[in-house]
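Undergrad: Residue numbers (the numbering used here), protein chains in the order written: chain A, 1 to 451; chain B, 1 to 426. Built from N, CA and C at the ideal position, the CB exists for glycine as well. Before anything else, here's the structure in question.
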């Protein structure tokens, strides 16, 4: 509470005051809640609390939503506006260890206000607060949707105002795509509230169990999915790093190319699925390098045609390795073609311009940039400015100008964290260093001419 | 894990029996319905469509298990249905079977069209367990409806009966699945039963709740609400699909990246894959449960990953022939790599202990002992399918047994290898 700025404090107090006034007024006027509704109210409040205590992360990862919304809307139908406000207010008591008191108070108060407003809308639209009988279900749908249409935006606005007053949110940070998903999921939850209310006459609280059980199981499965996902990302990174431990200087290359590729993808507005895919493609782009004999990479001076061919085979080798991973799909093209050039002088296929898959054009920029900004056995790392200038120079001949532009913008805005200085290995330390880096555009590999 | 994808090929006796039984029930159901005609055709069609949609949206859970939760819930809802909007329904158990099988067939057609035939045994199992419940519940339906419709009647008796019968059905379903799987995978029945139960419990609970919900909803509301009431289960299905997807991807990725040692010339082509298959078969023979088997598979695939840190590949990649000191350091390095993931600690431990002998007070975990033996066997035999060479390799492991290799592991391995037909030699 103490760290809140004063407008946020004032806002918090106003919200709590309004909520208290609404509930208090309802309790004094006896026509709002009759005796026989108390058991229903208690059951709903308990249900709301249980749901509120296990926030679900269904679609939107930033916003912890909870199924409790369904319970609150069911309360609108079953126990009316004041009842819904009281059910909402129990959010103060939710079992979430570590949740600060002022956040609890705010949650409870804003849920109470939303519940009351939704109840008001429900009655205005001709809804009648009671346990709906079986025949009346269809009459319920219109007013109920109205109630949901008041609840969700109000909830969102109350919350967004709080966040912006507390300085935790800037208007340009609200992701539009996330917002749409957010409202769609709320619509789904609203439907569940309708189901609970509609079935209440038949089996009372069992209806809530039947509706919410699949949702809780979904939540569990989704948690498992997220855990597996994290574990997967860690595993793929560890394995890629293992592949590059051989070369003392290129350590961490794969993770940096992965994050640079993701930066470019984000800058050109790729969807989340494709962004994930390009992250993996960047990570895996050089796994085929292991197929290149070490002695070729360590050889000083010029290479023979055959040795160069061995190096140029590595994208194909990489593809061969990862081909068994079904979901990568578009990433395959990125791995296979990441050494193609805009002017068609790249390898392995000699594709040019727009023939080169988008993923490959992105990885090419990220790959060359990380190579230039890292230390190599034969040279020191270039500064970010020098590397950017080099990208600009090769833009159109080696790199896709669109991707170069996007990368430079991304680096300008978010900065780039180049690998730390790699101190030259100790004399007695046994490490392997490579005399060449095939990714380095400033030091092309030289080939012994035929004559 | 080889499961025949082409129908009727590679099916064993239990599966054939199940498919025949399901076929017979289907024929009886369809014939009966054709003879007496559909009662309440709109309701039958509405639920049939939902079954078909569920079948269309089927998904494959880890361990190659096909499930169709929405279809199952729709079938369950139709079975349990007592009335629609207060008008009692009169459909017989045989009609339930007919609707289920028609829905499943229609839902499977688009998959067939794109060359993804359903697992016949899974389909048969879904149909049979649904039919079992129908035969138990439908005869009771008029009496149960009477308890709800008379003045002052409640739904509590009906709910109780539903709960008991659904539980019985799910139990039967899990037992059938475990019998089939134990036969197919040659694993111990009790272990398989526990695996199946672990896999089926969450989805089963969600399906049961949604099926009951569908039946009750049709009492309160019009049939159009059917779709809405499948919504909670739809959320569940989406979550499980994502989970199943990442599990499959994970395994594929480890399998793929384990091959870098082969591409780098550290081990012979196909080595990691052969060692992992042999290890899995031995682990199953020794009664390991599925989560342990998964760790065993990961460890077996990555057991040579430590070689990546070596300066030069060991000639021929035969770790059994290298000196113990070097083998130990490869194991340590590999374990280091795997530990870096931060999540596969137990796999790392298995890899770390893969070289340790069987003697001494500090015995390595079973998975490590299996990998040690499987690795040595593959180094000696490779991709060869020569019986004599295999026998000689096993003999050598036996002679070293007791000190180096766990005799129980070696015995199981020789059983597994004897059993494998020459065409599918590991």
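I'd like the ranges of any alpha helix (DSSP H) spanning at least 4 consecutive residues and lying wholly in the segment 77–155 of chain B.
TA: Runs found: 93–113, 120–137, 141–149.
Undergrad: Is residue 187/B helix, strand or coil when you go by DSSP?
TA: Indexing the second chain from 1 puts residue 187/B at position 187. Residue state, collapsed to three classes: coil.
Undergrad: Have a look at residue 129/A and residue 117/A and give me their C-alpha separation to the nearest angstrom.
TA: On the first chain, position 129 is the one that residue 129/A refers to. On the first chain, position 117 is the one that residue 117/A refers to. Each residue's Cα considered, the two are about 14 Å apart.
Undergrad: Just the Cα atoms here: how many angstroms apart are residue 263/A and residue 407/A?
TA: Start at 1 with the first residue of the first chain, and residue 263/A comes out as number 263. Start at 1 with the first residue of the first chain, and residue 407/A comes out as number 407. Spanning the two alpha carbons is a distance of roughly 7 Å.
Undergrad: When the distance is taken between beta carbons, is residue 193/A closer than 7 Å to residue 74/A?
TA: Taking the first residue of the first chain as 1, we reach residue 74/A at position 74. Taking the first residue of the first chain as 1, we reach residue 193/A at position 193. Yes, they are a contact pair.
Undergrad: Mind checking if residue 165/A is an interface residue toward chain B, Cβ cutoff 7 Å exclusive?
TA: Residue numbering aside, residue 165/A sits at position 165 when the first chain is read from its first letter. False, the Cβ-Cβ gap to chain B never drops below 7 Å.
Undergrad: By the criterion of Cβ-Cβ separation under 8 Å, what are the contact partners of residue 202/B in chain A?
TA: In the second chain, counting from the first residue as 1, residue 202/B sits at position 202. Per Cβ cutoff of 8 Å: 217, 220, 221.
Undergrad: Going by DSSP, which residues form a beta bridge with residue 61/B?
TA: As a working note, residue 61/B is residue 61 in the second chain. 65/B, per the DSSP bridge assignment.
Undergrad: If we require 4 or more residues per run, which alpha helix (DSSP H) segments fall completely within the segment 318–369 of chain B?
TA: The segment 318–369 of chain B contains these whole alpha helix (DSSP H) runs: 324–339, 345–352.
Undergrad: Three-state secondary structure (DSSP) at residue 60/A?
TA: In the first chain, residue 60/A corresponds to position 60, counting from 1. Confidence in residue 60/A is poor, its pLDDT being 41 and thus under 50, which makes the residue's placement unreliable; the coordinate value appears in the next sentence. Coil.
Undergrad: DSSP three-state call for residue 447/A: helix, strand or coil?
TA: As a first step, residue 447/A is located in the first chain; it is residue number 447 there, counting from the start. If DSSP states are grouped into helix, strand and coil, residue 447/A belongs with the strands.
Undergrad: Tell me the DSSP secondary structure of residue 96/A in three-state form.
TA: Here residue 96/A is taken as the residue at index 96 of the first chain, counted from 1. Reduced to three states, the DSSP call for residue 96/A is coil.
Undergrad: Mind pulling the chain B residues with CB within less than 7 Å of residue 206/A?
TA: Working through the first chain from its first residue, we reach residue 206/A at position 206. Residues of chain B passing the Cβ test: 159.
Undergrad: Please name the residues in the segment 258–275 of chain B whose beta-carbon is closer than 7 Å to at least one beta-carbon of chain A, in chain order.
TA: So the list reads 259, 260, 263, 264, given in the order they occur along the chain.
Undergrad: Going by C-alpha distance, which of 153/A, 214/A, 195/A is nearest residue 184/A?
TA: In the first chain, counting from the first residue as 1, residue 184/A sits at position 184. Residue 153/A is the option with its Cα nearest to residue 184/A.
Undergrad: Sort 355/A, 342/A, 359/A by Cα distance to residue 328/A and report the nearest one.
TA: If you number the first chain from 1, residue 328/A lands on position 328. Here the closest residue by C-alpha is 359/A.
Undergrad: Against chain A, does residue 153/B count as a neighbour if the rule is that its beta carbon must be under 7 Å from one of theirs?
TA: Working through the second chain from its first residue, we reach residue 153/B at position 153. Chain A, which has no Cβ nearer than 7 Å to the Cβ of residue 153/B, makes this no.
Undergrad: What residues of chain B sit near residue 228/A, judged by a beta carbon separation below 8 Å?
TA: By 1-based counting over the first chain, the position of residue 228/A is 228. Result: 243, 246, 247, 250.
Undergrad: Given a limit of 9 Å on CB to CB distance, which residues of the segment 320–344 of chain A reach chain B?
TA: Those would be 320, 321, 322, 323, 324, 325, 326, 327, 328, in chain order.
Undergrad: Can you find the residues in the same chain that come closer than 6 Å, C-beta to C-beta, to residue 402/A, ignoring five residues on each side of it along the sequence?
TA: On the first chain, residue 402/A is found 402 positions in, with the first residue counted as 1. So the list is empty, once near-sequence residues are dropped.
Undergrad: Excluding the five sequence neighbours on either side, which residues of its own chain have a C-beta within less than 7 Å of the C-beta of residue 299/B, listed in chain order?
TA: The residue given as residue 299/B occupies position 299 in the second chain. Correct list, in chain order: 347, 350, 351, 367, 371.
Undergrad: Residues of chain B with a CB under 8 Å from the CB of residue 192/A: which are they?
TA: Taking the first chain and counting its residues from 1, one reaches residue 192/A at position 192. Here the neighbours are 231, 232.
Undergrad: Using a Cβ cut-off of 7 Å, pull out every chain B residue sitting near residue 225/A, in sequence order please.
TA: For this step, residue 225/A is matched to residue 225 along the first chain. Ordered by position in chain B, the residues that pass the 7 Å Cβ test against residue 225/A are 239, 242, 243, 246.
Undergrad: So residue 347/A packs on residue 338/A, CB below 8 Å; how close in whole Å?
TA: Here residue 347/A corresponds to residue number 347 of the first chain, with the count starting at 1. Here residue 338/A corresponds to residue number 338 of the first chain, with the count starting at 1. Wrong, their Cβ atoms sit about 10 Å apart, outside the cutoff.
Undergrad: Would you decide whether residue 195/A is buried or exposed? Buried here means 16 or more other CB atoms lie within 10 Å of its CB.
TA: Here the question's residue 195/A lines up with position 195 in the first chain. Label assigned to residue 195/A: buried.
Undergrad: Just checking, does the segment 254–272 of chain B make contact with the segment 283–296 of chain A on the three C-beta pairs under 8 Å criterion?
TA: As far as the Cβ criterion goes, the segment 254–272 of chain B touches the segment 283–296 of chain A, which means the pair count is three or higher.
Undergrad: Could you give the DSSP three-state label for residue 277/B: helix, strand or coil?
TA: On the second chain, residue 277/B is found 277 positions in, with the first residue counted as 1. Helix at residue 277/B.
Undergrad: Please check if any C-beta of chain B sits within less than 7 Å of the C-beta of residue 214/A.
TA: For the purposes of this step, residue 214/A is taken as residue 214 along the first chain, with counting starting at 1. Answer yes: the Cβ-Cβ gap between residue 214/A and chain B drops below 7 Å somewhere.
Undergrad: Inspect the CB distances between the segment 317–333 of chain A and the segment 273–281 of chain A and report whether three or more fall short of 8 Å.
TA: Yes: the two stretches touch, three or more of their Cβ pairs being nearer than 8 Å.
Undergrad: May I ask you to report which of helix, strand or coil DSSP gives residue 340/A?
TA: Stepping through the first chain from its first residue, residue 340/A is reached at position 340. In this structure, residue 340/A counts as coil in the three-state DSSP scheme.
Undergrad: Whose C-alpha, out of 148/B, 100/B, 63/B, is nearest the C-alpha of residue 77/B?
TA: Start at 1 with the first residue of the second chain, and residue 77/B comes out as number 77. Comparing Cα-Cα distances from residue 77/B to each of 148/B, 100/B, 63/B, the minimum goes to 100/B.
Undergrad: Under the DSSP definition of a beta bridge, which residues are partnered with residue 241/B?
TA: Here residue 241/B corresponds to residue number 241 of the second chain, with the count starting at 1. BP columns for residue 241/B are empty, so no partner.
Undergrad: CB-CB under 7 Å to residue 8/A, same chain, minus the five flanking residues each way: which ones, in chain order?
TA: Within the first chain, the letter at position 8 stands for residue 8/A. Cβ neighbours of residue 8/A beyond the five flanking positions: 162, 165, 166.
Undergrad: Looking only at its chain, what residues have a beta carbon closer than 7 Å to the beta carbon of residue 228/B, apart from the 5 residues adjacent to it on each side?
TA: By one-based count along the second chain, residue 228/B stands at place 228. For residue 228/B, where only same-chain residues beyond five positions count, there are no Cβ hits under 7 Å.
Undergrad: When you compare each of 286/B, 62/B, 110/B, 261/B to residue 199/B by their alpha carbons, which one comes out closest?
TA: To locate residue 199/B, count along the second chain from 1; it is residue 199. Of the listed residues, the one whose Cα sits closest to residue 199/B is 62/B.
Undergrad: Out of 303/A, 259/A, 441/A, which one is the CA nearest neighbour of residue 341/A?
TA: The residue you call residue 341/A lines up with position 341 of the first chain. Minimum Cα distance to residue 341/A is reached at 441/A.
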